[in-house]
Amino acid sequence: MEYNFKAIEKKWIANWLKNKIYEPDLDAPRHGRGKSKKPFYNLMMFPYPSAEGLHVGNMYAFTGADIYGRKKRMEGFDVFEPIGLDGFGIHSENYALKINKHPKKLAKETEKRFYGQLNLIGNGFAWNEKLETYNPEYYKWTQWIFVQMFKKGLAARKKAAVNWCPQCQTVLADEQVAGGECERCSSKVIKKELEQWFFKITDYAQRLLDDLEKIDWSGRVKIAQKNWIGRSEGAIIKFQIPNSKFQIEVFTTRPDTLFGATYCVLAPEHSLIKNLESRILNLEEIKKYIKNAKEKTDEERIVGGKDKTGVELKGIKAINPATKEEIPVWIADYVLAGYGTGAIMAVPAHDERDMEFAKKFNLAVSDAPLADRKEIIKKVGGKKIVNYHLRDWLISRQRYWGPPIPMIFCEKCGWQPVPEKDLPVLLPNVKDFRPTGSGKSPLATIEKFIKTKCPKCKGEARRETDVSDTFLDSAWYFFRYVDHKNQKEIFSSKRAERWLPVDMYIGGAEHAVLHLLYARFLTKVFYDWGLIDFNEPFKKFRAHGLLIKDGAKMSKSRGNVVNPDQYIQKFGADVLRMYLMFLGPFEQGGDFRDESIAGIDRFLNRIWKFGGKIKITPNNPASAGLTGQTNQNAKLEKLLNKSIKKIGEDIEQLRYNTAISQLMILLNEMEKSEAVPKNIFESFLKILAPFASHLAEELWEKLGHKTSVHLEKWPEYDSEKTREKTFELVIQINGKVRAKMEAPAEAGEVELQELALNHPLIKEKLAGQPPKKIIVVLGRLVNIVIQT
RNA sequence: GCUGGAGUGGUGAAAUUGGCAAACACACUAGCUUCAGGAGCUAGCGCCGCAAGGCUUGAGGGUUCAAAUCCCUCCUCCAGCACCA
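Residue numbering for the first sequence follows the working numbering, beginning at 123 and increasing consecutively.
Following this line, the structure appears as C-alpha cells:
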C-alpha cells in the first residue's frame with residue numbers, strides 16, 4: 123500500500139486536537155504532588171504574520187524547537203509549547219500600506235492563513251493558549267506595563283537627536299538601525315531633534331551585563347549583547363577654559379596619555395558652545411559647521427569619517443591639567459554628542475583618529491611619556507567613571523498599527539498616565555492609517571481620540587498620539603501565554619511560578635540586541651516590581667542557523683523565498699520537517715535545495731513499506747533459539763541501543779542531522795532482517811516520533827496501540843548492550859595503516875601488541891626489523907615505530 | 001578597524017574531541033526490473049595510477065609515535081559592531 127501522507131497527516135492532526143495531547147494543565151501544582159509532572163516551557167519566537175504566509179525559515183525554527191519539546195515530553199515532562207502572532211507593528215503595517223488594505227482587516231486574514239499553515243507543520247502546539255499582540259485583551263497589558271514604567275520613573279520624555287526613517291516616517295530605537303539603515307525597510311536613517319518617550323534601559327546596563335554569566339545561551343548572542351552594552355571604564359577630566367568659569371569635561375579610557383593631549387574636541391551639538399558664543403571670534407563659521415553636521419545622515423558621518431572635518435573655536439583655549447599648557451579647542455563631528463561627555467581630549471600620539479585629524483589641520487603632536495595609570499586621575503582632579511554604549515530605548519512610534527501610548531497631557535498637571543481602570547486605550551478604527559509625514563502619528567488627526575479629561579484635575583487635556591514600539595509587544599508575550607485570558611492582572615503569580623522562566627527558547631540570532639535584550643530588561647523590571655521571583659526570562663536559549671537558497675539568504679527582493687505549502691502538498695509535513703533538519707547542524711543552518719528532498723522522501727517511504735511488510739517476532743529474541751536470525755537480532759539490538767543513545771544525545775545538542783542519519787543506519791540494518799522483534803520496531807518508532815510525528819503515530823497505531831506514541835516513554839538504552847565484544851584493531855607502521863584485524867574488546871596492551879606483531883602482513887613489512895617503539899591505544903590501534 | 005564563527009569529495013555534510021578522513025544522504029555511472037515515470041532494486045563512486053602503491057581536510061611551518069582536530073604565520077568567506085575616545 124502506498125504511503126498516503128495526506129490522509130494520514132490529516133487524520134492525526136484532527137486526532138491530536140480532539141484528544142488534547144499537547145495541552146498541559148496550566149494550573150497543575152508545581153511538582154512532586156499527586157500525578158503532576160515536571161513542567162517544561164518550550165518556547166519558540168512567535169512569528170510576525172506577513173501576508174505572504176509562513177516562511178520556510180519559520181518552519182525550520184519551529185520544527186527544530188518542536189523536536190526538542192517532543193523528546194522532553196517523552197522524557198516525562200509536562201511540555202508547554204505555545205504559539206501566537208506578533209501582529210502589531212511596522213512590519214505588518216508596511217505590508218498593509220503596500221497592498222492598500224487596512225491593517226485590522228489584513229490582520230484577520232493573515233491570522234487565519236498563519237494558523238492554518240501552523241496547524242499543518244506537525245508541531246505539538248498548545249492551541250488553547252494562542253494569543254495575538256493586536257487584540258485589546260493583550261495590548262491592554264502592554265499599556266499597563268507602560269503606565270507602571272512611567273509611575274516607577276522608568277519611562278520619561280526626552281529631547282534628543284533620534285533616528286528617523288524617512289520611508290517609514292517614524293523614529294526608531296538604536297537597536298532598529300543596522301548599518302545606518304532602517305531595520306525594516308532599509309532606507310537611510312537620518313537624525314532628528316525630537317522629544318520622545320524613552321524607557322531607561324541604561325539603568326539596567328550593568329545588571330544586563332552581569333547576568334549574562336548565569337544563563338545558558340548561544341555564545342554568539344551573549345557576545346553580541348556584551349558588545350552592544352559596551353561597558354568601558356575611564357575617567358572624566360576637566361580642562362579649564364582660561365579667564366572663564368567654564369571647563370571642558372572630557373571622557374577618556376586612557377587618562378595615562380594626558381601629557382600627550384595637544385587639543386580638545388567638542389561634538390557639534392555640545393551645550394558649552396552656546397555659553398561661549400560671545401568669545402568665539404569665528405562664530406559664523408562655527409554656526410555654519412554645526413548646521414551642516416546636523417543635516418548629515420549617520421551614513422554620511424561614517425563614510426565621511428575617513429576624511430575628517432572640523433573647525434577651531436577661535437578665541438577659546440583650554441588648559442591641559444597635566445602640562446598646564448594652553449591648547450586649542452575644536453569642534454568636529456567625529457566626536458559624538460551621545461557618548462561620554464560629548465567632548466574629548468585629543469592625543470594624536472596614541473589615537474589614530476586624533477592623529478589623522480591633527481595631520482589634516484596641522485595640529486601639534488606630543489610624544490610625552492605615559493603617566494602612572496593609578497595616580498594621575500586624582501592628581502588632576504578627575505574622577506573614575508564607567509560608560510556604556512547602550513542607549514535608552516526609544517519607545518514612541520509615529521505610526522498607526524500599535525498600542526496607543528496610554529498617556530495624557532494636561533497644561534496644568536503635565537503628563538499623566540491613563541488610570542488602570544480605563545485601560546485599554548483602544549486603537550481607534552480610522553480610515554486613513556497612512557503615516558502623515560508631519561512627524562506625528564495618524565492618530566493626531568482624530569479630534570475625538572485626542573480630546574480627553576485630565577485624570578488628575580479633570581480639566582481639558584489631550585492624549586498622546588504616538589503608539590509604542592512593536593518590540594514592547596514581544597518583550598513580554600511569554601509571560602502572557604501562561605495566563606492569556608486573565609483580565610484582572612497581567613498574569614497570575616501562581617501560574618508564573620509553575621511555568622516560568624522559560625526552560626528552552628529557540629529563535630533567530632538576529633534578535634540578539636533587539637527582542638532578546640528587551641525581554642531580559644522587562645523581566646528584570648518585573649522582578650524589581652515584585653511580580654516574579656526570577657530575573658532572567660530564558661534559562662536556555664539557542665539560536666538556529668540561517669536557511670540559504672542558491673547561495674544567498676532568502677529574501678523577497680532576490681525572489682528566492684521558499685513557501686512551505688507547496689512542499690507539504692507534494693511530500694507531506696514529515697518529509698519537509700526531516701529534510702529541513704537533515705540539511706546541516708540546526709545551529710548552523712543550511713542550503714535549501716529541491717533535489718535533496720528525494721532522500722528523505724525515500725527514507726520515509728521505506729519506513730512505511732517496512733512497517734507494512736515485516737514479520738514481527740515476539741519480543742525476546744533469545745527464546746527463538748540459536749539460529750542465524752538470532753545473531754541478526756542480537757546485532758540489531760546492539761545497534762538499536764547505540765542509536766537510542768546517540769539520537770538522545772544528538773537531540774539534546776540540537777544535532778538533528780546526525781540523529782537522522784543514525785535513524786537511516788538503523789533502518790538499513792532492519793531491512794536486512796527477515797523478521798524483526800516487536801520491541802525493536804517499537805523503539806524505532808519512538809525515536810522516530812519527534813521527527814516524523816504523523817508517520818510514527820500511524821505505524822504505532824498499526825501495531826495495535828490505542829494511545830499516542832508521543833506520550834510514550836523515551837526508550838532507555840542498556841549501556842551493556844552498546845558494548846561490542848570485539849573491535850577492529852588497526853595496525854599502523856609509522857602512523858600508516860598497514861593491517862586490520864578483529865580483536866577482543868577486553869584485550870590488554872600486551873595482548874594487542876602480540877596480535878599486531880604476529881599479523882602476517884605486518885611480519886612481512888617488518889622483515890625482521892626490530893621495532894623502535896610500540897604505541898598501544900586500548901580498543902583502537904597499535905602503532906609500530908621503526909627506523910626509516 | 002574590532003568581536004565572533006567557518007574553510008573537508010561533483011554537492012549537503014560526518015569524524016567518539018589528538019587515534020582508520022569522507023559516516024549518512026544528494027548527484028552521477030553501470031546493470032536489473034518496469035503498463036516508460038522525476039518509480040523500485042543491485043553495484044560503483046576523494047584524487048593520481050593498469051597495478052603494487054602514493055597523495056589528500058584553504059596555504060606554509062611547528063609540536064607528536066600519531067594532527068581536519070593543538071601551536072605559530074598568512075589567505076579567503078560569513079555574521080555582528082563600528083569615528084564609543
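C-beta: ideal position from N, C-alpha, C; glycine also.
Residue burial is scored here from C-beta neighbours: Leu403 has fewer than 16 other C-beta atoms within 10 angstroms and is therefore classed as exposed. When C-alpha distances from Asp514 are compared across Gly503, Lys573, Thr587, Tyr640, the shortest belongs to Tyr640.
Leu388 has Ile453, Ala465 as its beta-bridge partners, per DSSP. For Arg585, there is no enclosing alpha helix (DSSP H); the enclosing beta strand (DSSP E) has its first and last residue at 582-585. For Lys220, the closest alpha carbon among the candidates Cys532, Arg699, Pro557 is that of Pro557. Under the three-state reduction of DSSP, Lys142 is assigned to coil, being neither helix nor strand. Taking the C-beta atoms as reference points, Leu388 is found no nearer than 9 angstroms to Ile363.
Here DSSP, grouped into helix, strand and coil, assigns Ser354 to strand.
Taking the Cα positions, Trp452 is about 5 angstroms away from Leu435. Comparing alpha carbon positions, the residue from Glu834, Arg602, Gly559, Gln520 closest to Glu586 is Gln520. Here DSSP, grouped into helix, strand and coil, assigns Asp338 to strand. Apart from the 5 residues on each side of it in sequence, Lys133 has no Cβ closer than 6 angstroms to any other Cβ in its chain. Secondary structure note for Asp723: its alpha helix (DSSP H) is the uninterrupted segment 719-735. Spanning the alpha carbons of Gly673 and Leu380 requires a straight line of approximately 51 angstroms. Distance between Arg602 and Glu632, taken at the CA atoms: about 23 angstroms. Within the model, the alpha-carbon separation for Met786 versus Asp554 is close to 57 angstroms.
Annotation: Phe268 to Pro528 spans about 7 angstroms, alpha carbon to alpha carbon. Residue pairing from DSSP leaves Leu821 without any beta-bridge partner. Bounds of the beta strand (DSSP E) holding Arg279 are 277-287. Contact between Leu851 and Lys862 holds: their C-beta atoms lie close to 7 angstroms from each other, under 8 angstroms.
Fully contained in the region 827-903 are the following beta strand (DSSP E) runs of length 3 or more, in chain order: 848-855, 858-866, 895-899.
A distance below 6 angstroms between beta-carbons, with the five flanking residues on each side excluded, links Trp730 to the following residues of its chain, in chain order: Tyr125. The residue among Ala283, Ala665, Pro541 with its C-alpha nearest the C-alpha of Thr574 is Pro541. Around Gly209, the same chain offers Tyr170, Pro171, Ala229, Thr232, Glu233, Glu254, Thr255, Tyr256 as residues with beta carbons nearer than 8 angstroms, after the five sequence neighbours per side are excluded. Around the CB of Cys532, 16 or more other CB atoms lie within 10 Å, so the residue is classed as buried. Runs of beta strand (DSSP E) with 3 or more residues, each lying fully within the region 156-233, are found at 161-166, 200-202, listed in chain order.
Here the alpha carbons of Leu698 and Ile690 stand approximately 7 angstroms from one another. A Cβ-Cβ distance of about 14 angstroms is found for the pair His816 and Asp723, leaving them out of contact under the 8 angstroms criterion.
Trp319 sits close to Asp588, with the two beta carbons spaced by under 9 angstroms. Rounded to whole angstroms, Ala357 and Val508 show a C-alpha spacing of 8 angstroms. In this structure, Asn164 lies near Tyr190, with their beta-carbon atoms less than 9 angstroms apart. Exposed is the label assigned to Val899, since fewer than 16 other Cβ atoms lie within 10 Å of its Cβ. In this structure, Gly630 lies away from Asp489, with their beta-carbon atoms at least 9 angstroms apart.
Rounded to the nearest whole angstrom, the C-alpha separation of Lys675 and Asp716 is 16 angstroms. Between the beta-carbon of Cys307 and that of Gln289 there is about 5 angstroms, and that keeps the pair under the 8 angstroms contact cut. For the options His511, Pro470, Gly503, the alpha carbon positioned closest to that of Pro491 is the one of Pro470.
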